[in-house]
Each structure stands twice: as C-alpha cells, then as structure tokens.
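Colleague:
In the numbering used here, the protein residues as written are 310 to 423.
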C-alpha cells in the first residue's frame with residue numbers, strides 16, 4: 310500500500326491547514342475523507358491544503374475535494390491550495406481545478422485571501 314499521511318493544525322482562529330504527504334488515491338482517499346468529515350463536523354469551514362509533500366493524486370483523490378467544496382462554500386468557507394508540486398499542478402490545470410480552486414505559492418498570501 311502506498312504511503313499516505315495527513316495532519317492538520319489551526320493556523321488562524323478559523324483556518325485549518327492540512328498537510329498531505331505521499332499518495333492520495335483509491336487506497337487512501339477514504340481516510341482523507343474521514344478527516345475532512347470530522348473537521349467539518351467540528352465546525353471548520355476554511356481549509357488551506359499544503360501539497361508540498363504529496364507525491365501523487367489520483368482521480369479518486371481529486372474527487373474528495375470536489376465532493377466537499379460545495380458543502381464548504383455553502384457554509385461560507387473554502388478550500389485553498391498551497392505549495393502544489395509541478396506534476397500535480399499540471400493535473401490541476403488539465404482538469405480545470407485551477408479555475409475552481411485558488412492555488413498559492415505562499416501560505417501567508419493564501420491566508421490573507423480567505
């Protein structure tokens with residue numbers, strides 16, 4: 310099974326930074342989905358997802374973000390990405406993620422735009 314790790318921290322009063330590492334695919338997406346569900350159930354709606362250490366994302370992994378974005382935005386929140394590796398950014402661009410989600414190269418800039 311591919312390696313996968315997700316951890317999170319509160320970086321502002323109302324922003325959760327999620328760090329993803331390894332592979333987000335059909336084998337690991339349900340774990341990430343469980344984490345997002347828990348965080349949303351706890352009242353969190355603003356997420357900054359750091360992909361600096363993510364090696365691979367599959368369509369199933371991308372689907373997790375698509376499955377939650379409407380619910381989060383309906384509550385006044387958002388999902389933003391930071392430190393997206395070039396190989397993953399190419400996938401985001403081809404699939405139109407860069408038109409749906411804001412992508413930043415610096416955490417501070419992303420935080421200011423929530």
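Idealized CB from N, CA, C, for every residue including glycine.
Which stretch, first to last residue, makes up the beta strand (DSSP E) that contains residue 316?
Modeller: Here the beta strand (DSSP E) through residue 316 covers 313 to 321.
Colleague: Quick one: what does DSSP say residue 384 is sitting in, helix, strand or coil?
Modeller: Coil, per DSSP.
Colleague: So, under 8 Å CB-CB, residue 326 and residue 359 are touching, yes? Tell me the CB distance rounded to an integer number of Å.
Modeller: Going by Cβ atoms, the distance from residue 326 to residue 359 rounds to 6 Å, so yes, they are a contact pair.
Colleague: Which residues does DSSP list as the beta-bridge partners of residue 423?
Modeller: Its beta-bridge partners do not exist; DSSP assigns none.
Colleague: Return the residue from the list 374, 333 and 350 that minimises the CA-CA distance to residue 365.
Modeller: It is 333.
Colleague: Under 8 Å: does the beta carbon of residue 382 sit that close to some heavy atom of the ligand COA?
Modeller: Absence of the ligand COA is noted for the structure shown, with no ligands found whatsoever.
Colleague: Are residue 313 and residue 330 close, meaning C-beta to C-beta below 9 Å?
Modeller: It is a contact, given that the beta carbons lie within the stated cut-off.
Colleague: For the alpha helix (DSSP H) that contains residue 395, what are its first and last residues?
Modeller: Element bounds for residue 395: 395 to 404.
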